[in-house]
Every structure is written in C-alpha cells, then in structure tokens.
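Working notes for the structure below.
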Amino acid sequence: MGKINSRNKRFTKIEINLSNLENNIRVLKSHLNQLKTNIMAVVKSNAYGHGMVDVSKHLVECGINILGVALIEDGIRLRKSGLKVPIYILGEQPVETVKDALKYDFILGINSYEKALATSKLCEKFAKKLTVNIKIDTGMNRIGINFRKAVEEIEKIILLPGLKIEGIFTHFSCANDKDEAYTMLQWGRFKEILSQLENKNINFKLKHCANSAAFLRYKDMHLDMVRLGISIYGVSPFMDDSEKWLAPDVVEIIKSLKPVLSLKSKISFVKDVANGECISYGAAFKTARPSVIATVPVGYADGYTRLFSNKANVIIEGEYAPVVGNVTMDQIMVDVTDIADKKTVTQGTEVILIGNCANKKITADYLADLAGTISYEILCMLKDTIPRIYIN
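Numbering (this note's numbering), first residue to last: 3 to 394.
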C-alpha cells in the first residue's frame, strides 16, 4: 500500500496520498493555456512539508520534468536520490556553491550583475558554462535585479563568458489578492522589460512569472513555464472568500484539487478529570463539568503550534473534539467527554489533526485562520520528526 520514510515509529504520522497528488497534476495540466508550457513543481521547504525526495520522485513519474527548490543543498539531495530532471535553484546562494551547481547540473537564478560576474569567473576557472535564469524584481523587493535597471544589467550579463543564459523571470507578490492592481503593475513592468530586450535582439528560451495564484487566474501569464507549489499539494492559494470574486472556471479547478497531506495520531492516554480541574501548563483551561480528557502525542516540537491552544479541533470517531489547555512540546490534551458518552475512546483510538473523516474535515486553511497565518506555513512547519507514509 505504501512505505514509511522514518527512522522511528510513533503514534503520530503524516500520510501523503499519492493518488490525490496525481489527481492534482491532471487537474492543473488541464488548465494550461498551451500544451507547450512547462510545469515546474516547486518542492522547496521539504515539498511544503510533504517530503521532498519521495514527492519529487512521484511527480516525475506523473510526467513533471522540472523541479524547483530554494537551496542548493536540496538540489543535491534530489540528485543523490537518482533524479536527473532539470532542477532550478530559486533562492540566492553563496557564490562558492557554483562548483556544486556545475557538478550536479543545476540551473541557478541570477539576481544581480555582481553575482553574475562572480559566477562567470568561477565557471571560467572550472572551464565550464553554467545555465542560469535572470530574475527581475518587478515589485516584491526581495531578490532580483530592480526593474528600473534590468535592461542595462542584462546587456552586460549576456556578455559574460561563463554563463549560458536560458531564461528570465519574475515573481508576483499579490496574485492571490482580490485587488488585481499590483499584480497588473508587476506584469506590465515585466512585459515592458521583455519588449525592450526584444527590440535589442535579446531573447530568452524561457520566460516565466506565474505562481499558483497567477497560473489559476491569468492564462496570458503562463508564458513558457509556470511555477506551481501549493496548488500541487491540493491547497488553494486564495483566501476562503475567493469563490465570491474568482472566475467560475477557476473556482471549479480549485474545487477539483484534493489535499495530499493528512496529519494523524492516536490517543496515548485517557483519564477522567473532575469538575473545576485545570489542564496543561499555565492552567489555561478549567473543566466546567466532569470530563474525559485524552492525551495525544504531538506538540509544538512537531510543528503543531502553541497558537492552537484552546482553539483547534481534532476529529475522533467521526466527531470534532476541542484541544484544551496549552499545546505542549510533544503532547496535546483533547476533551472527548461528549464522544466518550457515545463511543469507546481508549489508547490507540485514531485522531485526525489535518484531514477528513466522513463529513468532517480539518484543513490547513482552518488551522491557519486560528493561528493568524497562511496554509503554507502550517504545512511547512511540520517537522521531519513525524514519519511520512506514502499511500495510494
């Protein structure tokens, strides 16, 4: 059925549903503006908590032939796992990593002329050329060449002998917002740079700008390649109210996506607690009735944040049960009083922390709302201490 990727065995586990991953790839491919557009699967941050190596291998089996990571170390892990597809290193790297980039045949992002020059000199030293994509900062103000001086710097970069210039790209900061103005501003800046470069007979094999949100909303932004992260894992890049303002066809695509990750555990201990007793550190919860309290061996050290204290629900025996008291380092307490009145709750009873059972579900978006953050962070916080099990 599946395999476990762990050095230990625990009550707590993460299930990765490979059938759902395959479904998402099919759904997303159906939305491509043109068949020749490539999909880069972004597998940085341990494939958004899903397990980078195993997920990447399955993505390649599903026909994805380009991977993107943030760190060169992640690229090396993928190469050592046997993957031979193109791997893009999207984050800024120390210049000394050029040796590894050449050795493992990575494609690097270039964020400044100075970095391009230093990279080219090292490549000349090793008597090799490195394939690169030039990143343009059109308004996120994180990394990349500022759009105002992009043409001038690119004219110098293309002359560097150690580099093979493959592509040019940018990244949108607000493509998931209802207000489209800033995305359109960035898009306009990028198109203007491309136009100016074309007028100077400077062309690129690959032009790319669309993340998951831009890919779903704007087909004219698909260009030669799209970079898909969160959507591959079956999670929408948009907020909960997006059905009200997204185009109907986009809403249907999002509804067709299936979450790939479930976080599950088992009850490790059950005890009866009298009325008026306090639960967990800081006595943050006091029982208002004689209660049945279950302990579940997962905590903030695993990435189940303390921000869920006295807020989150879990699913036990097909029913919601509240987390009570503060989340501790490796355990939480759950009030199962109402469930225990109807069903047997004992050590070993399954607990769903992210996932679904019958008509009940706990999503990354739900937990993100409780913590005042986004679904991406909820998934990326899940630590490697939790075994990943890959199932079909």
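C-beta: ideal position from N, C-alpha, C; glycine also.
Using the Cα positions of residue i and residue j, report the straight-line distance between them to the nearest angstrom.
| i | j | result |
| --- | --- | --- |
| GLN333 | ALA276 | 21 Å |
| ASN437 | ASP102 | With the chain represented from 3 up to 394, any question about residue 437 goes unanswered, as that position is not in the structure. |
| ALA177 | ALA215 | 5 Å |
| LYS363 | PHE206 | 45 Å |
| ASP304 | MET331 | 8 Å |
| ASN315 | GLY141 | 39 Å |
| VAL228 | PRO239 | 14 Å |
| LYS273 | THR348 | 9 Å |
| ILE376 | ASP367 | 7 Å |
| VAL353 | GLY284 | 25 Å |
| LYS86 | LYS59 | 10 Å |
| ILE256 | ALA373 | 23 Å |
| ASP164 | LYS193 | Strictly speaking, residue 164 in this sequence is Gly, with Asp absent from that position. Roughly 27 Å separates the two Cα atoms. |
| LEU225 | GLY190 | 14 Å |
| GLN188 | PHE174 | 7 Å |
| CYS280 | PRO292 | 12 Å |
| ALA249 | VAL294 | 47 Å |
| ALA360 | ALA183 | 41 Å |
| PHE247 | LYS180 | Sequence inspection shows Trp at residue 247; the Phe mentioned does not correspond to that position. Computed Cα separation, rounded: 7 Å. |
| ARG106 | ILE66 | Looking at the sequence provided, one finds Tyr at residue 106 rather than Arg. Taking the straight line from one Cα to the other gives about 19 Å. |
| ALA72 | THR351 | 39 Å |
| ALA370 | LEU30 | 24 Å |
| ASP56 | ASN201 | 44 Å |
| ASP340 | VAL62 | 46 Å |
| GLY84 | ALA286 | 49 Å |
| MET42 | GLU154 | 28 Å |
| MET54 | ILE380 | 16 Å |
| GLU94 | LEU199 | 24 Å |
| VAL252 | ILE170 | 27 Å |
| ASN40 | TYR90 | 13 Å |
| LYS131 | GLY111 | 14 Å |
| THR365 | LYS127 | 51 Å |
| ALA152 | GLU245 | 37 Å |
| ASP243 | PRO88 | 37 Å |
| ARG12 | SER311 | 22 Å |
| GLY77 | HIS52 | 16 Å |
| TYR115 | CYS211 | 20 Å |
| ASN358 | ILE318 | 10 Å |
| SER282 | LYS15 | 23 Å |
Suppose the cutoff is 6 Å on Cβ atoms and the five residues either side in sequence are ignored; what does the same chain contact list for residue i look like?
| i | result |
| --- | --- |
| CYS64 | GLU24 and ILE27 |
| THR133 | ILE109, LYS166 and GLU168 |
| ILE6 | Low confidence applies here, because ILE6 scores a pLDDT of 44, under 50, leaving its location unreliable and the question unanswered by this model. |
| GLY4 | Per-residue confidence for GLY4 stands at a pLDDT of 47, beneath the threshold of 50, marking its modelled position as unreliable; the derived number appears in the next sentence. Around GLY4: ILE391, TYR392 and ILE393. |
| THR185 | PHE174, CYS176 and ALA177 |
| ALA342 | VAL294 |
Take the Cβ of residue i as the centre, count every other Cβ of all protein chains shown within 10 Å, and call the residue buried at 16 or more, exposed below.
| i | result |
| --- | --- |
| LYS166 | exposed |
| PHE271 | exposed |
| ARG9 | At ARG9, the pLDDT of 47 sits below 50, so the modelled position is not reliable; the number obtained from the coordinates is stated separately. Under this definition ARG9 is an exposed residue. |
| LEU92 | buried |
| ASN328 | buried |
| ARG150 | exposed |
| ASN203 | exposed |
| ASN213 | buried |
| LEU218 | buried |
| ALA129 | exposed |
| GLY320 | exposed |
| SER32 | exposed |
| LYS268 | buried |
| THR346 | exposed |
| SER197 | exposed |
| LEU37 | exposed |
| ASN143 | exposed |
Rounded to the nearest angstrom, how far is the Cβ of residue i from that of residue j, given a contact under 8 Å?
| i | j | result |
| --- | --- | --- |
| ILE156 | LEU263 | Between LEU263 and ILE156 the Cβ distance is about 40 Å, and since that is not below 8 Å, they are no contact. |
| MET383 | THR307 | 7 Å |
| LYS344 | VAL325 | With a Cβ gap of about 20 Å, LYS344 and VAL325 do not count as contacting. |
| VAL298 | VAL338 | With 8 Å as the limit, VAL298 and VAL338 do not qualify as a contact, their Cβ atoms being about 10 Å apart. |
| ILE147 | LYS158 | With 8 Å as the limit, ILE147 and LYS158 do not qualify as a contact, their Cβ atoms being about 11 Å apart. |
| LYS260 | GLY236 | 5 Å |
Give every residue of the same chain whose Cβ lies closer than 7 Å to the Cβ of residue i, excluding the five residues on either side of it in the sequence, and list them in chain order.
| i | result |
| --- | --- |
| GLU17 | SER264, LYS266, ILE391 and ILE393 |
| GLY278 | LYS288 and THR289 |
| LEU162 | ALA118, LEU119 and SER122 |
| SER99 | Checking the sequence shown, residue 99 turns out to be Thr, not Ser. So the qualifying residues of the chain are ILE74. |
| TYR322 | ASN315 and LYS362 |
| LEU398 | Residue 398 cannot be examined here, being either before or after the span of the chain that is shown, 3 to 394. |
| TYR302 | ARG308, VAL329 and MET331 |
Excluding five sequence neighbours on each side, which residues of the same chain lie with their C-beta closer than 8 Å to the C-beta of residue i?
| i | result |
| --- | --- |
| ALA82 | The amino acid at residue 82 is misidentified as Ala; the sequence shows Lys. Excluding residues within five positions, none has a Cβ falling inside 8 Å. |
| VAL97 | LYS117, ALA120, THR121 and LEU124 |
| ASP222 | ASN35 |
| ASP386 | ASN48 |
**Item:** Touch test, the region 40-49 against the region 217-236, Cβ-Cβ under 8 Å, three pairs minimum
**Value:** Of all C-beta pairs linking the region 40-49 to the region 217-236, three or more are shorter than 8 Å, placing the two stretches in contact.
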